[in-house]
Amino acid sequence: MSKRSRSGRSDAPEASRRNFLKGATIAGAAALTTPVAANTAISGFPEPRPKAAPPGPRLAAADSMPPLADPVSQTSSGGDFMVDVFKTLDIDYLAMNCASSFRGLHEAVINHGGNAKPEILTCPHEEIAVHMGQGYAKMAGKPLAMICHGVVGLQHATMAMYNAWCDRVPVIVMGGNIIEANKRAPGAEWPHSAIDPAALTRDFVKWDDQPVSLQHFAESTVRAYKIATTPPMAPVMLSLDAELQENPIENRDALRIPKLVKATPPQGDDAALGELAKMLVTADNPVIICDRMARTPAGMPRLVELAETLQCAVIDNYGRMNFPSRHPLNQSFRRSILGQADVILALEVNDLWGTLSDFHDRIVRSAQPRYKKDAKIVTLGTRGLYLKANYQDFGRYQEVDLDIAGDAEASLPSLTEQVKRLVDESRKAAFDARGKKLAAAKLATVEQAKSDATIAWDASPITTARLCAELYSQIKDEDWSLAGTSIRLTWPHRLWNFDKPHRWNGASGGGGVGYTLPASLGAALANRDKGRLTVAIGGDGDFMFVPGTLWTAAHHKIPLLYIVHNNRAYHQEYMYLQAMAARHRRGITTTDIGTTLKDPFIDYATIAKGFGVYGEGPISDPGELAPALKRAIAMVKSGQPALLDVVMDQR
Amino acid sequence: MTRQFWRVLGIAFIATGFATSMVVARADDEPAGDPVNGKRVYLADGCFECHGRAGQGGQFNYQTPALAKTALPVESFVAFLREAPNDMPSFSASVLTDKDAADIHAFLQTLPGPRPVKDIRQLDP
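So the sequence lines, in the order shown, correspond to chains A and B.
Position 446 of the first sequence, counting from 1, maps to 446 under the working numbering, and the rest follow consecutively.
Position 74 of the second sequence, counting from 1, maps to 74 under the working numbering, and the rest follow consecutively.
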């Protein structure tokens, strides 16, 4: 039995808009059939052009006025009820590119909902809308919703949905659809409809549904929100029937919006956490690795408390703002310490095998563990609680000694408490000595980074180190937030003091290009109401996938300083191609073909201006950088987005 | 020089690490090659892609070392290029001659190395 037949919904109202148009079309076609048929003969001689027949009574009636039984207005719509559901969920924004398959809901958001909770974010591409949602959710701590054509819009959205899936970020994705075939108009509505639109995305959403009644919609939307925001978090997908959005509500009083009660994040088993506490306290060199650990602003201080209790090293994979960058125990740029670790605790680490292995991308690929054979490895996280088979973002299987299923942030207080109970004076003295050594090493690492940053300080193209140093020197006294960087740009984390939960927003997740600009804008949107200064440094290749994001920034007045890391190349691929040519002993001077963005160079500042955004550049002279940054930051502080095009060396 | 010799030199270089090699060259390590041609080859052959146009280093799948003022002797430098470790591509003599490799080494010696941090306000707030 199909969803359609299960719905029990009749074809009423009989004289609906689509039926009225269909009737008119049939009547018109019938009136024209006979004379047109006479003109189909193939002849070498000109034939007299037949005159159109006078309109018959049916066509005349259809042209003049609709049947009396055909209503022309309605006092409610399913879309109104859908908006009421969104309001109960406190969804602030609906990102979208307008499309007829959700025109009913679109109109209801504006005129029933007053374009508030949710407020529409006009995006020139569906990938932009979802990536904005990804960046927003990580900064705001709650999801926004996006809606698109369920077929042709969803296909645009998929790349961003996959990034959000890999990044474990909730986004409420919806797509318009026309479920019943007899309700579809000829033309675009057929290729824009599907039996199961969500099938396209089922490998990288946590849950999906296609409600066939308004009550079904209410329950599925509340369920979708709950599922998306329960760790491990992920996007969800709802297909919304156009008739359901557009038609009158038959009995509003019979509809009920369920209450949302969010699930408490799963906490690790107390006994297992106790075993882990013993391992950590008795270890000589425990190391904590964290990745997508901090879900909320509480995450970072909880990890700091555990690390300071143990005075142990912390290595941050930067999936979230997990640990202060200048903290004496932050050893993220001293990964060789893994070789001395006797206990390794991985908190919400996405690719643990990759983190613990030295992998060599050579003709014969090989890898060696970075840890001692007798080191004990413990995982604490939700990564393994929800996996799918097709896409391989779960990484290679890593053997461990203790695997605690549970949300790390939720489990840390219990773990830290158990650790504290086990620490006696002798262990505390050992911890203090360990902490002092780590602090000294950290200091040396920071000083080394500063020294490294001086190399080629006055070079043109400008070094990434100089850009990052110049930018930080101008924002460090503001309440800044770095919402994204180009691939593997490590200078901010080497040089800047990331000391608050909103200082950093993680990365794309799936490595799908086109993330940094829209996700940074989403984060900037979340930061706007907090008065924070949002900055981002994005690659030029990444920018070129989604330049229209700038228009959304201008239209919605979202303050964001976006610096284009203009190395005029898809640089990671440039380096890979160079390695291939060298391996094959040929053509090492021609690897710029297909990997570079030159002939002509792209003028990003002019593009920005075209979208209504303040733009400066290209800036190649390092001496011009500081004044340009000052002007752009002033623009952002006034509430506007700004773009600087800085011609830089690779990383 | 035998292949084994180069291998030993290469391994020795790996052991010391590129990062620690970035110190001021000794007086007896004066460049013997042609730095002008070295710069041309360094840019044409793509060395800059990973190590920066000014030899400042960068990032590939890991941190790529700074080469400005490398302390590595030219023979070791050439040997390293022929059989590079990890993800660093190896450059055979058929695409990079010993002469061009030595010239690159000479060019690297002309690049300014690190400066005192205290001289740069943005790094020493």
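Each residue gets a CB set at the ideal place from its N, CA and C atoms; glycine is no exception.
Here the structure is a predicted model, which means the values were calculated and not measured.
Any heavy atom of the ligand GDP closer than 6 Å to the Cβ of residue 595 of chain A?
Ligands are entirely absent from the displayed structure, and the ligand GDP is therefore not among its contents.
Report all residues from its chain with a CB closer than 7 Å to the CB of residue 50 of chain B; omit the five preceding and five following residues, and keep chain order.
Excluding residues within five positions, the ones whose Cβ falls inside 7 Å are 58, 60, 64.
Answer with yes or no whether the minimum CB distance from residue 83 of chain B to chain A is below 7 Å.
Under the Cβ distance rule, residue 83 of chain B does not count among the residues neighbouring chain A, no pair being separated by less than 7 Å.
Beta-carbon gap between residue 268 of chain A and residue 406 of chain A smaller than 7 Å
At a Cβ-Cβ threshold of 7 Å, residue 268 of chain A and residue 406 of chain A count as neighbours.
Could you compute how far the alpha carbon of residue 107 of chain A sits from the alpha carbon of residue 79 of chain A?
Residue 107 of chain A and residue 79 of chain A: Cα-Cα distance of roughly 8 Å.
Continuous alpha helix (DSSP H) assignments of at least 4 residues falling wholly in the stretch 440–476 of chain A
Runs of alpha helix (DSSP H) with 4 or more residues, each lying fully within the stretch 440–476 of chain A, are found at 464–475, listed in chain order.
Taking Cβ positions only, does residue 50 of chain B come closer than 7 Å to chain A?
For residue 50 of chain B, the nearest CB of chain A lies under 7 Å from its own CB, placing it at the interface with that chain.
Taking only beta carbons into account, state which residues of the stretch 435–458 of chain A come closer than 8 Å to chain B, listed in chain order.
Within the stretch 435–458 of chain A, the qualifying residues are 447, 450, 451, 452, 453, 454, 455, 456, 457.
Using a cut-off of 7 Å between C-beta atoms, extract the partners of residue 120 of chain B located in chain A.
Taking a Cβ-Cβ cut-off of 7 Å, the neighbours of residue 120 of chain B in chain A comprise 454, 457, given in sequence order.
Start and end residues, alpha helix (DSSP H) containing residue 86 of chain A
Under the DSSP assignment, residue 86 of chain A falls in the alpha helix (DSSP H) whose first and last residues are 78–88.
Contact list for residue 574 of chain A against chain B, beta-carbon separation under 7 Å
Neighbours of residue 574 of chain A on chain B, chain order: 49.
Looking at residue 239 of chain A: is its Cβ nearer than 7 Å to the Cβ of residue 294 of chain A?
In this structure, the beta-carbon distance from residue 239 of chain A to residue 294 of chain A does not fall below 7 Å.
Residue-chain proximity (residue 21 of chain B, chain A), Cβ-Cβ < 7 Å:
Low confidence applies here, because residue 21 of chain B scores a pLDDT of 41, under 50, leaving its location unreliable; read the following figure in that light. So, not an interface residue.
Give the residues of chain B in contact with residue 473 of chain A, contact being defined as C-beta atoms less than 9 Å apart.
Going along chain B in sequence order, the residues near residue 473 of chain A (Cβ under 9 Å) are 121, 122, 123, 125.
Determine, using beta-carbon pairs with one atom in the stretch 180–187 of chain A and one in the stretch 200–218 of chain A, whether at least three such pairs fall under 8 Å.
In this structure the stretch 180–187 of chain A does not touch the stretch 200–218 of chain A; the number of beta carbon pairs closer than 8 Å is below three.
Where residue 226 of chain A falls: helix, strand or coil (DSSP):
In the three-state reduction of the DSSP assignment, residue 226 of chain A falls in the helix class.
Check residue 267 of chain A in the structure and name its three-state DSSP category.
In the structure shown, residue 267 of chain A sits in coil (DSSP, three-state: anything other than H, G, I, E or B).
In the DSSP assignment, find the beta strand (DSSP E) that holds residue 404 of chain A and state where it starts and stops.
For residue 404 of chain A, the enclosing beta strand (DSSP E) stretches over residues 402–405.
Got a sec: which bits of the stretch 335–368 of chain A sit with their beta carbon under 7 Å from any beta carbon on chain B, in order along the chain?
Residues 360, 361.
Hey, which unbroken runs of the beta strand (DSSP E) at 3 residues or more fall wholly within the stretch 160–202 of chain A?
The stretch 160–202 of chain A contains, as complete beta strand (DSSP E) runs of 3+ residues, the segments 172–177 (chain order).
Any residues in the stretch 584–613 of chain A with a beta carbon nearer than 7 Å to a beta carbon of chain B? Which ones, in chain order?
Across the stretch 584–613 of chain A, CB contacts with chain B closer than 7 Å involve 585, 586, 588, 589, 591, in sequence order along the chain.
Tell me which same chain residues have a C-beta within less than 7 Å of the C-beta of residue 393 of chain A, skipping the five on either side of it?
Closer than 7 Å at the Cβ level, and outside the excluded window around residue 393 of chain A, lie 166, 510.
Bridge partners of residue 369 of chain A, per DSSP?
Paired residue(s): A:357.
Rounded Cβ spacing between residue 526 of chain A and residue 612 of chain A (contact assumed at less than 8 Å)
The Cβ separation is near 22 Å, so there is no contact.
What in chain A is Cβ-close to residue 100 of chain B, meaning under 8 Å?
Listed along chain A is no residue with a C-beta nearer than 8 Å to that of residue 100 of chain B; the closest approach is about 11 Å.
Just verifying my parser: in three-state terms, what is the DSSP assignment at residue 497 of chain A?
DSSP, reduced to helix, strand and coil, places residue 497 of chain A outside both helices and strands of the structure shown, so it counts as coil.
Closest Cα partner of residue 495 of chain A within the set A:562, A:523, A:470, A:176
That would be A:470, whose Cα lies nearest to the Cα of residue 495 of chain A.
CB-CB length for residue 310 of chain A against residue 498 of chain A, believed under 8 Å
Taking the Cβ atoms as the reference, residue 310 of chain A lies roughly 21 Å from residue 498 of chain A, outside the contact range of under 8 Å.
Bridge partners - residue 313 of chain A, DSSP secondary structure assignment
Looking at the DSSP assignment, residue 313 of chain A forms a beta bridge with A:287.
Any C-beta of chain A under 7 Å from that of residue 115 of chain B:
At a cut-off of 7 Å, the C-beta of residue 115 of chain B has a neighbouring C-beta in chain A.
If you drop the 5 nearest sequence neighbours on each side, which residues of the same chain put their C-beta closer than 8 Å to that of residue 605 of chain A?
These residues qualify, in order along the chain: 615, 616, 617, 618, 643, 644, 645.
For residue 649 of chain A, go through chain B and note every residue whose CB falls closer than 9 Å to its CB, in chain order.
Correct list: 48, 52, 53, 54, 56, 58.
In chain B, which residues lie with their C-beta within 9 Å of the C-beta of residue 331 of chain A?
Result: empty, since nearest Cβ-Cβ is about 15 Å, beyond 9 Å.
From the DSSP output, which residues share a beta bridge with residue 647 of chain A?
For residue 647 of chain A, the pairing in a beta bridge is given by DSSP as A:566.
What residues of chain B sit near residue 578 of chain A, judged by a beta carbon separation below 7 Å?
Within chain B, the residues near residue 578 of chain A are 46, 49, 89.
Within the same chain, show all residues whose beta-carbon is closer than 8 Å to that of residue 331 of chain A, passing over the 5 residues directly before and after it, in chain order.
Cβ within range, chain order: 287, 313, 314, 315, 337, 438, 441, 442, 445.
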